[in-house]
Amino acid sequence: MSASVPFTAEQRAAIEHRGGLLLTANAGSGKTSVMAERFVRAVVDDGVDVGRILAITFTEKAAAELKERVRRRFEALGEPELARATEGAWVSTIHGFCARLLRTHPLAAAIDPRFSVLDENGARQLAVAAFDAALDRLAEEHGEAALDLIAAYRPGDLRDAILALHGELRSRGEELPALPPARATPLEPRRVALAIAQREAAAELAGAKDGKTVDRARLAVAECELLLERIAAAEPDAPPPHPNEVAALALPRNGRALQGPGCEGYRDALAQYVDACADAHAVPVHALLDALLRDFAVRYAEAKHAASAVDFEDLELRANRLLREHDELRARYAERFAHVMVDEFQDTNPLQLELLERIAADELFTVGDELQSIYGFRHADVELFRRRRRALAEHGGAASLATNFRSHAEILETLNVAFAPRFGESFTPLVPGRAEPETPDPLAPAGPRVELLVVDLKADWQSAGLVAEGMAAPAPLWRIAEAKALAARVRALIDAGRPAGEIVLLLRATGDLAVYERALTDLGVPTYVIGGRGYWSQQQVRDLVAYLAVLSNPRDGVALQSFLASPLVGLSSDALVQIAAAARAGRREGEPPDPWWVVTASERLLGELAPGDAARVAALRGWLAAERAAAPRHSLESLLDRVLARTRYDLELLRLPGGARRLANVRKLMRLAREHEAEHGRDLRGFVDLVMELGGGLDGSREEDRESEAPVEGEALDAVRLMTIHRAKGLEFPVVCVADLGRGSPSAGSDLVRVGKDGRVGIKLRALDGGRARPAFAYDAIGEARARAEADEEARLFYVAMTRAREQLLLSGALPTDPWPQWKPGCPPMTWIGEAFVPEIRRLAAPEREGRGILAHGGVEIAYEVVRPEALARIEVTTAGAAEPAEAPADPAAPVATSAATASEAVMTVAPPAPPVATLSYSALADHERCGYRFYLERVLRLPPVADRFGGGSAAGGSGAVRGLDAATRGVIVHRLLEESDLVRAQPPDAELVRRAAIRAGADPSPHELDELRALVVGFLASPLRERVAAASEIRREQPFSFQLGGFPLVGVFDLIAREGTRALVVDWKSDRLEGGDPGEAVARNYAVQRAAYALAALRDGAPEVEIVHCFLERPEAPVASTYRQQDAAALEAALEERAARVLERDFAVSDEPEPRVCDGCPGRGTLCSWPLERTLGHEEGRLF
């Protein structure tokens, strides 16, 4: 061929091969060029018509790129007619091909030719409605058994499980999925085996030496004997005991006397009988789940049929059925396509492969790389790639492209060293193939091109000043620390000359993407988020949804409060409190408070509000009621546009950092409203309900908000890109930062039901009482196989991420470093990535080591650094001179001073000294009370706490610190569980719910710690205090408050506040370890300031009386209560003002009583502090050692 393109020998071999071929193409090996050239040569050299070649790509973007390359190649060969013919070529995604096939043959496919393809949100909306109807039907038909199932498994979890299972089974070819039959373990042989083992264990223990452990074992064996007797006396059809009842008879593991063959045999037999009992109890659960799945599948199919719509699985299923049931049609397409080419073959599912094989015959050319198979969550099966490669290799139909033309040789060699052991025989080493310029790259790093940044997860980040006083942390503190450390490294690269647009930050998930973006923008680094999810939780979206909700239902209290607090109205928090109080005071007996009436009609309100708030409410009254009355006459889009114009909210957004993206999100909401109206009519309430379902309400509580933010900037923007690894597939960047490697892997342990590829089924058996969930049938076996597959896919995911880098690669994540954890499936990827790149990281990351350096490994060098608070402080000092973020544009309506006198006055004015802190909280006041000088060092100067150097305890917990779950994280988990608990029904959380809460808090507790956490929550739910709270009214949890204290804001959060008649009840949960101490003494010693602040906040809110209850969850039966009345408010205020005044007056005196409890971790200990070191350690002076 003329106008030839230079190809390597391995590329030419793939291009010129005739017949079926599977091509394994390493990252950056030029596979798209090979596909395009193979397409062109089939037309030019072999005379195949352009319309007789079918090319399947993974995305529409890839299809467009392939078409463009083919068109340009034809033009280069002087074939303009062929170039024009490519516009009609069969180059598309698999779903695009299926849709084209079905629209071409609608009668044979029995489908409306005008069918629409549902997007993810549209499909979910229909699916949720179908599930709700199926669940109602299940309850009607199966009565109490179905209600028990719903209570134990919860409707939301059932819905997620059924929808996920439905999608998985349909990807395997089942149009109306059903559960495979359950194969329960026979009970009687297991019971007999247990009875024999019980007698042998009893005989063995009878001869053992007495002791507490032996006594407990004897008791368990004796109780087992009683249980076996009860089973033997039961009716033949009586259900077996619950597996949790049997499991409670297990023997302790400790003690030499319990290690004999009799005890071991008993343990094995008991475990097997537990499994058999779980299977027996799971049989009726299986039947109910199967009925629910079948009914849902039918209802969902009917809903789609009624809407003339299909989802993506329907496209594949119906196209496959069309070709399967119409052999003449299949033969016609098989004859039509002389060549079938498939890109990204490693991410194919069984149904797609079956479809392709029906029309490709022996001319199927597939390209892929099993090491880049990362779509298992979409039911892709990498084993299909492996099997086809093995089969074709026997006949010379397998080839490979190993040469990488993208990355610098040093990066490739490092990746080979790191990943070869991880992937084993399936790994094809990356061969450097790009030509390096003769002149050195001025931006090349002075050191290694691969860097590892490890943040010590267990360091004392609580005192490192990562979050402003009084502000809630948006993520675990260790993740904020990692984001700051990585941002500082990126800032340094930009300062050294690297354009921001050449850097990308990749994450596995978008949940904390905003944390990394904020860390970058804080250092003046421009950012561009591509496809960031969490759209419905964006504040500007929630503001406008709240407004629409108020138009739809003005007595929606949450929506009204959100709307009033938003910039659309802009009321202060004091005004919101006053409105709520006025609504409560003015409510009629038997009716709820009516804040809408207060806002729109109360005569007294305007006189009680501060002038600014009164003006805003008066302005609101001028238009809100009229706008609500006129709402039915306006389109949904117009309603949004009108409120933007009236309030100038769009200008307010543009003044904020990232204003263009915020406004783009607003425009996207308007577009979604327009599309909803086009499909469903002018239904304001329906649109509000839909977005509430998608976003989890105005609090954004839905854990998985998958909707992407609106795109704004173009690809040419000079800004650091932030995106998921999946979105980066097929892209490349000079500098790649792979972040958040400390995030635990998504766990399959929460699945309610599993179906293996071999047809086995597994169920997680949940107990109504919230006890431990038990695996039934093949649940564990399927889970183990999935865990291995997910661990392998995770490794491939990070391989894909790292192979995007051309010049430099940065890896960062947080992990406990003392000791470095052992890897197992589900662990954070940094566990194995750290050791893969720096084999000695386990030793080098120890606290006593320097924690930074360069390590030579396998012929390559890798730079590493372990970040702790003191290192982060050093990094931040290094970047202190970085460019500041651009200021927001000035208000165009604001007056501008122009006179000389005004300018002169501005120069001569001396601003008063700023207060030492921005806000105060009761914890800040308590810290100041303990030691004013330490308060000054940590909260004013922001010096990080120091690690223990003197044997006096750790910075994190002092001498009383305990190993394992730190106190702060323990408190976060317990508070979150109590916040989400139903205090009326008092259903205790199961172990899985506790584990999820721990993961969300960034923790990985042991089974013992999980049991302890659950016990704390269960103890409160079973307490008289919980019953009292349940009987109260207006219960609010995690309720923030703020009030002025001597002209300064004091902020805090009530764990729980409720009403008992006219009295306010405040409950504060304490997860402290009392260690035998008295709860009352603990409150007096540690929480007196908090108690006073709580009381004054409630009294200022108008409560005539307030009771403050501190409930130590280790002793929920012994709450510590104090009651305050309005006449106490002055004394409380005076006491708190006296404490606050010492802070505002900069009274930072050192503590009169230095001791480890006060001094452990203090950055001034032994250096800046006036006390001798030995006094701060609790030793006599002069007796340090």
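Mapping to numbering that gives the first Met the number 0: the sequence shown position 339 is 338, numbers consecutive.
From the three backbone atoms N, C-alpha and C, an ideal C-beta is built for every residue, glycine too.
Here Ser920 is bridged, per DSSP, to Val1050. For Asn403, the secondary structure class from DSSP, reduced to helix, strand or coil, is strand.
Taking every protein chain shown into account, the CB of Thr402 has 16 or more other CB atoms within 10 angstroms, so this residue is buried. Cα atoms of Leu808 and Leu146: separation of roughly 54 Å, rounded to the nearest angstrom. Taking 4 residues as the minimum length, the alpha helix (DSSP H) runs contained wholly in the stretch 981 to 1042 are 990 to 999, 1006 to 1020 and 1023 to 1030, in order along the chain. Closest option to Gly758, judged by alpha-carbon separation, among Ala177, Ala35 and Ala129: Ala177.
Counting along the chain, His856 sits inside the beta strand (DSSP E) bounded by residues Arg851 to His856.
For Lys66, there is no enclosing beta strand (DSSP E); the residue is found in the alpha helix (DSSP H) stretching over Glu59 to Ala75. Across the structure, Val734 and Leu492 are spaced so that their CA atoms are roughly 9 Å apart. Non-local C-beta neighbours of Gly1079 in its own chain, meaning closer than 8 Å and more than five positions away in sequence, comprise Val1119, ordered along the chain. Assignment of alpha helix (DSSP H) within the stretch 228 to 311, counting only whole runs of 4 or more residues, yields 242 to 246 and 260 to 305 in chain order. Going by DSSP, Gln807 is part of the beta strand (DSSP E) stretching over Ala804 to Leu814.
Non-local beta-carbon contacts of Gln1125 in its own chain, meaning distances under 7 Å to residues more than five positions away in sequence, involve Leu1098 and Pro1103 in chain order.
If you draw a straight line from the Cα of Ser32 to the Cα of Arg68, it comes to about 8 Å. Phe686 and Arg189 have their C-alpha atoms roughly 56 Å apart. For Lys457, there is no enclosing alpha helix (DSSP H), as DSSP gives it neither H nor E.
Taking 8 Å as the cut-off, the Cβ atoms of Ile781 and Arg742 do not count as close.
Here the C-alpha atom of Asn552 lies approximately 50 Å from the C-alpha atom of Arg1145. Three or more beta-carbon pairs separated by less than 8 Å are not found between the stretch 831 to 850 and the stretch 390 to 401, which leaves the two stretches without contact. Nearest in C-alpha terms to Phe797, of all of Ala777, Arg70, Glu1152 and Asp739, is Asp739.
The three-state reading of DSSP puts Arg684 in helix, counting H, G and I together.
For Gly27, the three-state secondary structure derived from DSSP is coil.
Pro349 is the residue among Phe418, Asp361, Thr413 and Pro349 whose C-alpha sits nearest the C-alpha of Phe384. In this structure, the alpha-carbon of Glu343 lies about 34 Å from that of Leu442. The closest CA to that of His1109, considering only Asp1077, Ala201, Leu570 and Pro610, is found on Asp1077. By a beta-carbon distance limit of 8 Å, Leu505 contacts Cys736. Their separation comes to about 7 Å. Take Ser572, set aside five residues on each side of it, and the residues of its chain with a beta-carbon closer than 7 Å to its own are Ser1041, in chain order. Going by C-alpha positions, Leu287 is about 8 Å away from Leu137.
In the DSSP annotation of this structure, Ile832 is not part of any beta strand (DSSP E); the continuous alpha helix (DSSP H) holding it starts and ends at Met829 to Phe836.
Taking Arg1141 as reference, the option from Val42, Phe934, Ala813 and Leu321 with the minimal CA-CA separation is Phe934. Annotated three-state conformation of Asp1159 is coil, per DSSP. When only Cα atoms are considered, Gly395 and Asp361 end up about 13 Å apart. DSSP, reduced to helix, strand and coil, places Met722 within a strand of the structure shown. Inter-segment contact for the stretch 110 to 117 and the stretch 65 to 84 is absent: fewer than three beta-carbon pairs are separated by less than 8 Å. In the DSSP assignment, Gly367 falls outside any alpha helix (DSSP H) and lies within the beta strand (DSSP E) extending over Leu363 to Gly367. Taking C-alpha positions only, Leu291 is separated from Arg182 by approximately 19 Å.
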